Structure formats: C-alpha cells, structure tokens
Amino acid sequence: MPPRRRSSKGEKMSEASKEGGINALSDELLQHILSLLSADEAVKTCVLSWRWRHLWKSTDVLRLAADKGRWKSSKRLKKFVNHLVLFRGSSPLREFDLEFSSCREKDEKGDDSGEDESDDDRGEDESDDDSDGDELDEHSDDGESDEDSNPFQCVMMWVMYALICQVQVLKIHNFNERYIEIDGGMPLVSQHLTKIELSGIVLKECFLNFSSCPALKELYFTKNCCFDSVKKIFSQSMQCLRIFYCQFSEYDRTLIYAPSLITLLLEGFWGRTPFLERMPSLVEASVRPHQDCDDWCSNTYTGNCEDEDCDGCHGMIDKIGNGYKCVLLGGLSEAKSLKLIAVPEIIIFGSDLRCCPMFSKLKSLLLNEWCLPSNFWALACILEHSPVLRKLTLQISKEAKFMMETEENDNPLWKPAAISEHLKVVKIHCKEVDEVVYKIGKWLSTLDIKVLMKQRNQSPKCLKRFHRVGAYCLIAVTTEEVAMCRFQP
Numbered sequence: 002m003p004p005r006r007r008s009s010k011g012e013k014m015s016e017a018s019k020e021g022g023i024n025a026l027s028d029e030l031l032q033h034i035l036s037l038l039s040a041d042e043a044v045k046t047c048v049l050s051w052r053w054r055h056l057w058k059s060t061d062v063l064r065l066a067a068d069k070g071r072w073k074s075s076k077r078l079k080k081f082v083n084h085l086v087l088f089r090g091s092s093p094l095r096e097f098d099l100e101f102s103s104c105r106e107k108d109e110k111g112d113d114s115g116e117d118e119s120d121d122d123r124g125e126d127e128s129d130d131d132s133d134g135d136e137l138d139e140h141s142d143d144g145e146s147d148e149d150s151n152p153f154q155c156v157m158m159w160v161m162y163a164l165i166c167q168v169q170v171l172k173i174h175n176f177n178e179r180y181i182e183i184d185g186g187m188p189l190v191s192q193h194l195t196k197i198e199l200s201g202i203v204l205k206e207c208f209l210n211f212s213s214c215p216a217l218k219e220l221y222f223t224k225n226c227c228f229d230s231v232k233k234i235f236s237q238s239m240q241c242l243r244i245f246y247c248q249f250s251e252y253d254r255t256l257i258y259a260p261s262l263i264t265l266l267l268e269g270f271w272g273r274t275p276f277l278e279r280m281p282s283l284v285e286a287s288v289r290p291h292q293d294c295d296d297w298c299s300n301t302y303t304g305n306c307e308d309e310d311c312d313g314c315h316g317m318i319d320k321i322g323n324g325y326k327c328v329l330l331g332g333l334s335e336a337k338s339l340k341l342i343a344v345p346e347i348i349i350f351g352s353d354l355r356c357c358p359m360f361s362k363l364k365s366l367l368l369n370e371w372c373l374p375s376n377f378w379a380l381a382c383i384l385e386h387s388p389v390l391r392k393l394t395l396q397i398s399k400e401a402k403f404m405m406e407t408e409e410n411d412n413p414l415w416k417p418a419a420i421s422e423h424l425k426v427v428k429i430h431c432k433e434v435d436e437v438v439y440k441i442g443k444w445l446s447t448l449d450i451k452v453l454m455k456q457r458n459q460s461p462k463c464l465k466r467f468h469r470v471g472a473y474c475l476i477a478v479t480t481e482e483v484a485m486c487r488f489q490p
C-alpha cells in the first residue's frame, strides 16, 4: 500500500517548521500578527517568501492610517486603498479601521517628478512576477486629476466594501481640521455590524438610520462629529450610545430613538440638546452639556424665561420639547443611575423638571449646583419624584456661592412633599465648606437625612466636625474613600 500523500497545507507547515523562527507559526497566528499592522505594512510582507505572498489578504482586520509621515500625498493613499480593495477581494473582516491624521488633500509640488515607486506600490509589484504585478502596474499608470486626489471622497465607497466583507467593527477617525462629509443617500445595511466609532465627520440623516443593522450594539461619536442636518438617530438594537464633544443644530433638535439602550453618555455637546424618546431598558446615563450649548439663558436658572428675544428659550425653529414635554429627562426617567452636570445658565434640566417626570427606577443620582437656584426648587422636585432613590451626590463648586448671592431672596426653601425612605445619606463634594454648603446641610437635615461632605483641600485622613443640627452631625470628610464612610450622631 503506497504511503499517504501529505496535504499541501501539511507540506507548507512542515517546510515552515524546518525553517524555524516566525515561519514555524501557523497561518492563523501569522494572520493575527498581520492584523496588528497597518494595511500598507501588512502588504509589504508579501515579498518575504512564497508562503507570505497572500497571507495579508486573509487577515480579518484592515487598518488604514492616512498621515503625512506615511504618505507623500493623499492621491497615493487613495490609489493604494483602491488597489488594495481590488486585490484583497471579499475575505471576511472583523474590524475596519480608517484614520486620517494630517493627510494632505493635494499632491505637493514635485511629488510625482520622480518615477520611483511609492511604498504602497512596491510591496505588491515585487511580490508578483505574474498577473498580480502586471495588473497593479496597469492600474498604477492610470492618470488621476487633482480633483479626484482627495481621499475623503472615497470614504463611503470603502465603508461599503467593508460591509460587503461582513465587517463587525467599523471605525473612522478624522483628526484633520476639515470634516469628512459622508453622503447620506442611503443607510447602512449589514447583518453583522455590531460596533461603530466615528470622529471628525459631518453626518447625514440616512447614515444614522440603523434599522437595517439588527446586530448593532455600540455606537460611539468621539469628538468633533457634526449632527447639524441630522433629524433622527434610529436603532432598535443599540445598547450603548456615547456622544462626546459633538455639534448639534442650533435651531432644531435631533431625535434619538433607541428603545434597547442600556448605557448613554452625552458629554460636551453644543447646539440644541437632543430629544430622547422613551428608553425602558436604560440602566446608566450621564449628561453634561457644553457651556456653549444653545439651551442657555441669562435671565433665569429654571427655564421659564418670558423674554421673547431670548434665543436659548425661544430661538428654535421646531418646537420639539420646547415647553410641551421633556427633552431629556422624559427619556431618562427609567434609568437606575443618573449623572446630570451643567453650568447654572444651562436651562434644559430645569425646563424638563417643570413637567414633573417620575424617576421610578432611579437609585443613584449625581448633580451639581444647577439644582440649587430658586430656593432648591429643582433639587426638591427631583427628590420628590424619585421614590426608590438610595444614593445622592452633590458636587458644589466655588461658583455656587456667587450664584446663590445674586439670587438671594426672603422666600422659604422648597421642600419635597415626600422623599425615598431608602435615602439615608447624602454626599457633598466641595473644595471648601462655605455658606452654600452650610445652607445645603441645614436644608437636608430637615428632611431627616445624614450628610457626608468631602473637602478636597485638606489632608486625606482629616475628619472635622463643624456643625450640629438637631440630632444629626454634619461632618466634613476628606478621605478619598468617602463612599465607605459612615458615622453615628
């Protein structure tokens, strides 16, 4: 009986093991190593040996880094990526990562004066003595006008290629001063896409309709995305949404519909605050508008300004949430943990509280001094409508003192009709114990609540008793682990 013939894969592995070193690794491990490299670096490995010739084509991560140090011109970047897509085919992708960092929009003078091959062409040419090299040379000779040299024009085409390859994670980061404008002619369609990260992009409405992406779970906008023309962000499957330092329209509110959302972060945004639809699965949310947010008023801290010339209160074209129903807090009302931070002039929280939303599941709440004006009206309102609240933290800055002095009056402090029976201790974080902190402590003590205060400008282990109200001691706690502190009256 003749000996069994080895498979071609077995022969390759046997030859590789004899060579030793990195060639002794399996194809899967080598592909993983290549996935850690940028695409142009991965392509260059095709000249190492016959075994490496096509390994780069089957890596499941495609990283494209467009920066001035890597590419002589944006025209060469565009040419390289278009050829890469052509030769790679539709091999499945786990992650597609596109990053623009100081990539030039036009060729510099003299870039093409020499006929030297660019790095992106050289790796492919040297790897193929036959058809691949001929094809690449043929494409490399094609002329391109300066109008076509801007790689931003091809971003949507490259995204569609990634979707054809069943990509699961899509990342596009633009660190240039100029935005990438993504054509909103049609929404993304993918049964495999689970995560999207975007930055430095002008977004269109259709692009943010994720109804055809049923597997999408995470959506991150991480700096300088523009939602100026976006009317709606739609996803029934999304569980995590983070919008960090992005721009919304000055006159219209963007509606966010994400009924499966579990985690929400809206931080540092300017323009109009987005309108949130009901989120029954929400567990944790944090909202911190930028100080230049257009929901701003210098006439009042509670959002009931009667000045018709006030752009913050009356400057909207559409009237979504403008006094008729909650903009933010209605959508956040079923969260279990909330952080609501704003400068006092941002009126969106106070305006929403006039609708008296009920926070039926809220257990942990963090606020800053925006809730103190009008004799603690906002703080009293939110405590009254949080029946199961267990933990309340107040962050008080030095600006609170000036705010309270300018609004000082003889009216009595607001008091909630009832508060959660589970709320026993309130923590106050402050830089110094001043009149505002004393006033908060006295008010809370009338609600039968103990107060823990964290003062930042003293030694970490110092405890100082500074006031006594009835049977309760108000204590300034400067330990770092203030959450673990408990004391008896």
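Our numbering applies: residue 2 is where the sequence shown begins, and numbers increase by one. From the three backbone atoms N, C-alpha and C, an ideal C-beta is built for every residue, glycine too. Computed from a predicted structure; not experimentally measured.
Subject >> Assigned secondary structure, Ile441 (DSSP; H/G/I helix, E/B strand, else coil) >> reply: For the purposes of this step, residue 441 is identified with residue 440 of the sequence shown, where counting begins at 1. It is helical.
Original post:
By Cβ distance, which residues of its chain are closer than 7 Å to Thr60, with the 5 residues on each side in sequence left out?
Top reply: As a position in the sequence shown, residue 60 is number 59, starting the count at 1. Cβ neighbours of Thr60 beyond the five flanking positions: Gln32, Leu35, Ser36 and Ala43.
Subject >> 8 Å Cβ cutoff met for Ile244 and Phe270 >> reply: If you number the sequence shown from 1, residue 244 lands on position 243. If you number the sequence shown from 1, residue 270 lands on position 269. In this structure, Phe270 lies closer than 8 Å to Ile244 by Cβ.
**OP:** Report yes if the CB atom of Val426 is closer than 8 Å to the CB atom of Ile397, and no otherwise.
**Re:** Locating residue 426 in the sequence shown gives position 425, where the first residue counts as 1. Locating residue 397 in the sequence shown gives position 396, where the first residue counts as 1. Contact: no.
Subject >> Test item: CB-CB of Leu368 and Leu341 under 8 Å >> reply: Position 367 of the sequence shown, counted from the start, is the residue given in the question as residue 368. Position 340 of the sequence shown, counted from the start, is the residue given in the question as residue 341. Yes, these two residues count as a Cβ contact at 8 Å.
Subject >> CB-CB length for Asp296 against Thr274, believed under 8 Å >> reply: Position 295 of the sequence shown, counted from the start, is the residue given in the question as residue 296. Position 273 of the sequence shown, counted from the start, is the residue given in the question as residue 274. Sure, about 5 Å apart at Cβ, within 8 Å.
Subject >> 3 or more residues per run - each beta strand (DSSP E) lying fully within the segment 358-406 >> reply: The beta strand (DSSP E) runs lying completely inside the segment 358-406 and spanning 3 residues or more are 365-369 and 392-397, given in chain order.
Subject >> Identified DSSP bridge partners for His33 >> reply: Translated into the one-based positions of the sequence shown, residue 33 becomes position 32. Beta-bridge partners assigned by DSSP to His33: none are found.
Subject >> Reduced DSSP secondary structure (H/G/I, E/B, other) of His291 >> reply: Position 290 of the sequence shown holds residue 291. Correct three-state label for His291: coil.
**OP:** Check whether the Cβ of Asn376 lies closer than 7 Å to any heavy atom of the ligand COA, and answer yes or no.
**Re:** Ligands are entirely absent from the displayed structure, and the ligand COA is therefore not among its contents.
Original post:
Three-state secondary structure (DSSP) at Trp297?
Top reply: The count along the sequence shown starts at 1 and reaches residue 297 at position 296. Here Trp297 sits in strand by DSSP.
Subject >> Beta bridge counterpart(s) of Leu242 as assigned by DSSP >> reply: As a position in the sequence shown, residue 242 is number 241, starting the count at 1. In the DSSP output, where bridge partners are listed per residue, Leu242 has Leu220 and Leu265.
Subject >> Rounded separation between Val203 and Leu330 - CA only >> reply: One-based indexing of the sequence shown puts residue 203 at position 202. One-based indexing of the sequence shown puts residue 330 at position 329. Approximately 27 Å between the Cα atoms of the pair.
**OP:** Look at the Cβ atom of Tyr221, then the Cβ atom of Glu198, and state whether they are nearer than 8 Å.
**Re:** Here residue 221 refers to the residue found at position 220 when the sequence shown is read from its first residue. Here residue 198 refers to the residue found at position 197 when the sequence shown is read from its first residue. Contact: yes.
Subject >> Proximal residues to Lys224 (C-beta, below 8 Å), its chain only, five neighbours per side dropped >> reply: In the sequence shown, residue 224 corresponds to position 223, counting from 1. Excluding sequence neighbours, Lys224 sits near Ser200, Gly201, Phe245, Tyr246 and Cys247.
Original post:
In angstroms, rounded to a whole number, what distance separates the CA positions of Cys357 and Asp435?
Top reply: Position 356 of the sequence shown, counted from the first residue, corresponds to residue 357. Position 434 of the sequence shown, counted from the first residue, corresponds to residue 435. If you draw a straight line from the Cα of Cys357 to the Cα of Asp435, it comes to about 31 Å.
Original post:
Per DSSP, what kind of secondary structure is Asp41 in: helix, strand or coil?
Top reply: For this step, residue 41 is matched to residue 40 along the sequence shown. Helix, per DSSP.
Subject >> Reduced DSSP secondary structure (H/G/I, E/B, other) of Ile342 >> reply: Here the question's residue 342 lines up with position 341 in the sequence shown. The DSSP-derived three-state label of Ile342 is coil.
Subject >> Per-residue burial, Leu171 [other beta carbons within 10 Å of its own, 16 or more giving buried] >> reply: Counted from its first residue, the sequence shown places residue 171 at position 170. With a threshold of 16 other beta carbon atoms within 10 Å, Leu171 meets it and is buried.
Subject >> Between the CA atoms of Met157 and Gly332 - distance to the nearest angstrom >> reply: Residue numbering aside, residue 332 sits at position 331 when the sequence shown is read from its first letter. Residue numbering aside, residue 157 sits at position 156 when the sequence shown is read from its first letter. Per the coordinates, the alpha-carbon of Gly332 lies some 32 Å from the alpha-carbon of Met157.
Original post:
For Leu63 versus Leu94, is the C-beta distance shorter than 8 Å?
Top reply: Your numbering for residue 63 matches position 62 in the sequence shown. Your numbering for residue 94 matches position 93 in the sequence shown. Between Leu63 and Leu94, the CB-CB gap stays under 8 Å.
Subject >> Best match in Tyr252, Val231, Asp253 and Cys214 for proximity to Gln237 [C-alpha to C-alpha] >> reply: In the sequence shown, counting from the first residue as 1, residue 237 sits at position 236. Scanning Tyr252, Val231, Asp253 and Cys214 for the CA closest to the CA of Gln237 turns up Cys214.
Original post:
Is Ile165 closer than 8 Å to Arg91 when the C-beta atoms are compared?
Top reply: Here residue 91 is taken as the residue at index 90 of the sequence shown, counted from 1. Here residue 165 is taken as the residue at index 164 of the sequence shown, counted from 1. Going by the sequence as given, residue 91 is Ser instead of Arg. Taking 8 Å as the Cβ cut-off, Ser91 and Ile165 qualify as a contacting pair.
Subject >> Length of the line joining the Cα atoms of Cys382 and Leu30 >> reply: Locating residue 382 in the sequence shown gives position 381, where the first residue counts as 1. Locating residue 30 in the sequence shown gives position 29, where the first residue counts as 1. So the two alpha carbons sit approximately 59 Å from each other.
Original post:
Out of Asp41, Leu49 and Lys45, which has the shortest C-alpha to C-alpha gap to Ile23?
Top reply: Residue numbering aside, residue 23 sits at position 22 when the sequence shown is read from its first letter. When only C-alpha atoms are compared, the closest one is Leu49.
**OP:** Consult DSSP for Glu148 and reduce its assignment to one of helix, strand or coil.
**Re:** As a first step, residue 148 must be located in the sequence shown, where it is residue number 147. Residue placement at Glu148 is flagged as unreliable, the pLDDT there being 48, under the threshold of 50; the coordinate-derived value follows with that caveat. In the displayed model, Glu148 falls within a helix according to three-state DSSP.
**OP:** May I ask you to report which of helix, strand or coil DSSP gives Ser200?
**Re:** On the sequence shown, residue 200 is found 199 positions in, with the first residue counted as 1. Residue state, collapsed to three classes: strand.
Original post:
For Pro215, which three-state DSSP category applies?
Top reply: Numbered from its first residue, the sequence shown carries residue 215 at position 214. Looking at Pro215 - three-state DSSP - the assignment turns out to be coil, as it is neither helix nor strand.
**OP:** State the start and end residues of the unbroken beta strand (DSSP E) segment that holds Asp102.
**Re:** To locate residue 102, count along the sequence shown from 1; it is residue 101. A small correction: the amino acid at residue 102 is Ser; Asp does not occupy that position in the sequence shown. Element bounds for Ser102: Glu96 to Ser102.
Original post:
Under 8 Å between the Cβ atoms of Phe153 and Ile181?
Top reply: Your numbering for residue 153 matches position 152 in the sequence shown. Your numbering for residue 181 matches position 180 in the sequence shown. Going by C-beta atoms, Phe153 is nearer than 8 Å to Ile181.
Original post:
When the distance is taken between beta carbons, is Leu99 closer than 8 Å to Trp159?
Top reply: Locating residue 159 in the sequence shown gives position 158, where the first residue counts as 1. Locating residue 99 in the sequence shown gives position 98, where the first residue counts as 1. Contact flag set, yes.
Original post:
Do you know whose CA, among Trp378, Val86 and Pro290, lies nearest Trp444's CA?
Top reply: Within the sequence shown, residue 444 is the residue found at index 443, counting from 1. It is Trp378 whose Cα lies nearest to the Cα of Trp444.
Subject >> Three-state secondary structure (DSSP) of Phe249 >> reply: Residue 249 sits at position 248 when you count from the first residue of the sequence shown. Phe249: strand per DSSP, three-state reduction.
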